[in-house]
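A.B. asks: Pasting a structure here, questions to come.
Residue numbers (this note's numbering), protein chains in the order written: chain A, 64 to 316; chain B, 64 to 316.
Here is the structure:
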């Protein structure tokens with residue numbers, strides 16, 4: 064009987080889809096680069112972008128196998144769309160190589176897999192199969208944004224995307240504000256970059272003047288910016304987001 | 064007039080207070096090490112442990128000033144005890160060096176400052192003074208634990224410490240479970256290591272058999288372990304925590 068492989072959770076740089084590339088050693092520690100270079104079985108969000116990350120790692124550490132010989136499988140589309148927790152996807156078959164003794168890497172397009180990104184179904188399947196799960200250190204935009212906000216970091220929530228339509232979005236914003244003011248819990252959320260400005264306008268329209276809003280955009284990139292101020296003061300300022308750079312939003316007391 | 068300095072949020076390794084030390088380059092990327100080595104003004108949780116982290120960084124990159132000549136100030140005790148958000152502490156005077164043009168580092172004893180740790184008051188003061196805030200990449204135990212849990216990573220909350228007394232602790236556990244089951248939001252929390260086992264017992268006593276509980280202990284250390292299972296199965300297993308190693312707990316559907 065083979066010894067089983069482990070599932071490594073491999074974070075990716077945050078420059079996916081951005082104009083500027085960050086040198087990968089700036090944001091991934093040596094321990095993560097070495098562990099990732101050793102792997103040649105991958106489960107990923109997108110095979111093309113996984114190969115691109117592997118290529119960048121390979122420029123610093125010899126890969127266990129050439130790019131063309133890496134075993135890379137993609138998570139199915141329904142997991143991308145619905146999320147791991149509503150798609151009812153059984154990821155155990157994807158972990159067959161680990162059951163045969165191969166270490167397997169889980170990789171998303173940016174940041175930590177399974178956090179605000181697909182992959183939790185794979186981690187769950189690994190636990191069900193009794194496989195060891197090893198999360199590796201790397202950039203996580205949500206936590207960088209939280210730390211840089213100055214909002215309460217002892218009690219916080221990430222709630223994903225807000226509704227796109229105006230009325231339910233406004234309702235959701237006021238609901239999150241009420242929760243933050245009542246409990247002191249910082250509320251973090253994200254948006255697809257091209258909707259950043261619409262979300263920003265909705266925040267300024269719906270929140271109370273004294274509520275604090277923080278935005279981090281382009282985290283780890285040269286143009287990175289993190290700011291936090293009251294809604295009142297934001298109303299007199301330029302929007303701190305554009306339509307191209309990924310941003311993380313937070314509100315709190 | 065001087066150009067103002069920036070506030071850098073510098074993450075520390077997660078081995079604080081542990082028997083084993085992790086090589087610092089394993090968990091802090093080159094970009095973080097270089098940025099930290101350039102600084103000689105610090106605001107920290109504890110000056111002694113800050114010097115210890117700087118010594119470890121200095122073994123890899125020449126420090127801007129010898130350890131004895133680093134300017135290190137500690138956050139006041141009341142911020143440690145009550146948390147930045149209830150102590151009503153005005154941290155602006157601590158940032159005087161930044162107003163005079165010095166870059167300043169914020170450092171906690173383990174992990175990311177201002178996340179489940181003191182420091183948010185300093186970040187808030189930096190925003191009030193119009194200083195640039197730069198969060199650097201490093202290990203964040205909460206997010207490593209969340210990713211390794213396989214629980215919902217699209218919607219999650221960190222709620223800090225649970226009450227220590229049996230009755231309110233049981234109530235809080237059932238309240239968090241009800242919230243997680245109703246909304247799908249994973250609930251993360253921590254405990255002082257010597258109370259880990261008492262918390263574990265309370266979780267198994269108070270949660271429903273089908274609820275999932277995840278524990279990550281000793282993250283980034285050689286003995287790191289991340290597991291997740293239902294309460295029912297945990298009741299037949301050994302406790303996955305001891306009384307010495309820091310652990311992060313999570314529960315979800």
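No residue lacks a Cβ here, since even glycine has one placed at the ideal position from N, Cα and C.
Run through DSSP, which three-state label would residue 264 of chain B get?
C.D. replies: The answer is helix: DSSP assigns residue 264 of chain B an H, G or I state.
A.B. asks: Compare the C-alpha of residue 304 of chain A against each of A/279, A/284, A/109 and name the closest.
C.D. replies: Of the candidates A/279, A/284, A/109, the one whose C-alpha sits nearest the C-alpha of residue 304 of chain A is A/279.
A.B. asks: Express the C-alpha separation of residue 281 of chain A and residue 220 of chain B in angstroms, rounding to a whole number.
C.D. replies: Near 24 Å, if we compare the C-alpha coordinates of residue 281 of chain A and residue 220 of chain B.
A.B. asks: Mind pulling the chain A residues with CB within less than 9 Å of residue 259 of chain B?
C.D. replies: Here the premise fails: no neighbours, minimum Cβ distance about 19 Å.
A.B. asks: In the DSSP assignment, what residue or residues form a beta bridge with residue 288 of chain A?
C.D. replies: DSSP output for residue 288 of chain A lists A/280 as bridge partner(s).
A.B. asks: Start and end of the beta strand (DSSP E) containing residue 104 of chain B?
C.D. replies: Unbroken beta strand (DSSP E) run through residue 104 of chain B: 104-107.
A.B. asks: Give me the chain B residues within the contact set of residue 148 of chain A, using Cβ-Cβ distance strictly less than 8 Å, ordered along the chain.
C.D. replies: Going along chain B in sequence order, the residues near residue 148 of chain A (Cβ under 8 Å) are 215, 217, 247, 316.
A.B. asks: Could you round the C-beta distance between residue 108 of chain B and residue 148 of chain B to whole angstroms and report it? I think they count as a contact, below 8 Å.
C.D. replies: Not really, about 16 Å apart at Cβ, beyond 8 Å.
A.B. asks: What are the residues that DSSP puts in a beta bridge with residue 165 of chain B?
C.D. replies: The partner list for residue 165 of chain B (beta bridge, DSSP) is empty, contrary to what the question assumes.
A.B. asks: Using CA atoms only, rank isn't needed, just tell me which of B/180, B/130, B/162 is closest to residue 141 of chain B.
C.D. replies: That would be B/180, whose Cα lies nearest to the Cα of residue 141 of chain B.
A.B. asks: So, using beta-carbon positions, are residue 203 of chain B and residue 196 of chain B closer together than 7 Å?
C.D. replies: Contact flag unset, no.
A.B. asks: What are the boundary residues of the beta strand (DSSP E) that includes residue 66 of chain B?
C.D. replies: From DSSP, residue 66 of chain B is part of no beta strand (DSSP E); its letter is neither H nor E.
A.B. asks: Between the stretch 79-92 of chain B and chain A, which residues of the former have CB atoms less than 7 Å from a CB of the latter, in chain order?
C.D. replies: Result list: 88, 89, 90, 91, 92.
A.B. asks: Just how far apart, CA to CA, sit residue 169 of chain B and residue 224 of chain B?
C.D. replies: Taking the straight line joining both Cα atoms gives about 23 Å.
A.B. asks: What are the uninterrupted segments assigned as beta strand (DSSP E) that are 3 or more residues long and contained completely in the stretch 86-147 of chain B, given in chain order?
C.D. replies: Correct list: 104-107, 134-137.
A.B. asks: Just reading off the beta strand (DSSP E) that residue 233 of chain A is part of, what are its end residues?
C.D. replies: First-last for residue 233 of chain A: 229-246, but that is the alpha helix (DSSP H), not the beta strand (DSSP E).
A.B. asks: Measure the CB-CB distance between residue 218 of chain B and residue 248 of chain B and report whether it falls below 7 Å.
C.D. replies: Yes, Cβ-Cβ distance for residue 218 of chain B and residue 248 of chain B is below 7 Å.
A.B. asks: What ranges does the alpha helix (DSSP H) occupy inside the stretch 178-235 of chain A, keeping only unbroken runs of at least 4 residues that lie completely in it?
C.D. replies: Listed in chain order, the complete alpha helix (DSSP H) runs (minimum 4 residues) inside the stretch 178-235 of chain A are 183-191, 204-212.
A.B. asks: Using a beta-carbon distance below 7 Å, is residue 304 of chain A in contact with chain B?
C.D. replies: Answer no: the Cβ-Cβ gap between residue 304 of chain A and chain B never drops below 7 Å.
A.B. asks: Once the 5 residues before and after residue 114 of chain A are set aside, which same chain residues still bring their CB inside 6 Å of it?
C.D. replies: Once the five neighbours on either side are set aside, the close Cβ partners of residue 114 of chain A are 130.
A.B. asks: Could you check if residue 85 of chain B is buried or exposed, using at least 16 other CB atoms within 10 Å of its CB as the buried criterion?
C.D. replies: Buried, because 16 or more other Cβ atoms sit within 10 Å of the Cβ of residue 85 of chain B.
A.B. asks: Nearest by alpha-carbon distance to residue 111 of chain A: which of A/103, A/137, A/132, A/95 is it?
C.D. replies: It is A/137 whose Cα lies nearest to the Cα of residue 111 of chain A.
A.B. asks: Closest to residue 269 of chain A by CA distance: which of A/314, A/171, A/66, A/212 is it?
C.D. replies: Per the Cα distances, A/314.
A.B. asks: Compare the beta carbon distance of residue 103 of chain B and residue 128 of chain B with 7 Å and say whether it is the shorter of the two.
C.D. replies: Their beta carbons are under 7 Å apart, which means residue 103 of chain B touches residue 128 of chain B by this criterion.
A.B. asks: I'd like to check one pair, residue 125 of chain B with residue 178 of chain A: are the Cβ atoms closer than 7 Å?
C.D. replies: Going by C-beta atoms, residue 178 of chain A is not nearer than 7 Å to residue 125 of chain B.
A.B. asks: For a test of the three-state rule: what should DSSP assign to residue 302 of chain A, helix, strand or coil?
C.D. replies: Three-state result, residue 302 of chain A: coil.
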